[in-house]
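Residue numbers (this note's numbering): 18 to 211. All residues carry an ideal CB built from backbone N, CA and C; glycine is no exception. Let me begin by presenting the structure, written as structure tokens, before commenting on it.
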């Protein structure tokens, strides 16, 4: 019986680890993409600077749906692309990457902690997922803007990852135990819930 429990826990932790890898990549991509797109779209200074670069080179901006917007950027000369990328990088440096990194970390690690706690009925070892994530794609070591954080900020992010993982792992265990006790009560009364 004990070997079966260890085997089940190993499989569920492996599933949670794979889910963590996918969730970190997806959450980082979606969140940073939305924030960057929103900040670029609302920043008139950056837009004016890009327009100035294009105007100086005599390049028409695609304003209407009639223009081929999809291939427009690809058709730009390399030196113009480089200049636009410098403007975008300068804008990206003004974003609060510490806040973004801690948000993404807490979202992903709380979700995975909860899932692990729920699947295993135990949250004792959920912190191992944080440690294992450093081997693959922990935001602190994976993404350039998170890598640029200072040591204290990185430590706070990792602490938040552990905290979220254990706290929501605990909530997952509580929910699973409540669910199991309800099923046990219905079985004792001779009823079955499907």
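A residue is called buried once 16 or more other Cβ atoms fall within 10 Å of its Cβ, and residue 90, having fewer, is exposed.
Contact between residue 118 and residue 37 does not hold, since their C-beta atoms are separated by about 16 Å, which reaches or exceeds 8 Å. Contact between residue 144 and residue 120 fails: their C-beta atoms lie close to 20 Å from each other, not under 8 Å. Rounded to the nearest whole angstrom, the CA to CA distance from residue 56 to residue 68 is 16 Å. About 39 Å separates the beta carbon of residue 182 from that of residue 101, a gap too long to meet the 8 Å contact definition. DSSP places residue 90 in the coil class of the three-state scheme, outside both helix and strand. Shown here, residue 75 sits in coil according to DSSP, grouped into three states, outside any helix or strand.
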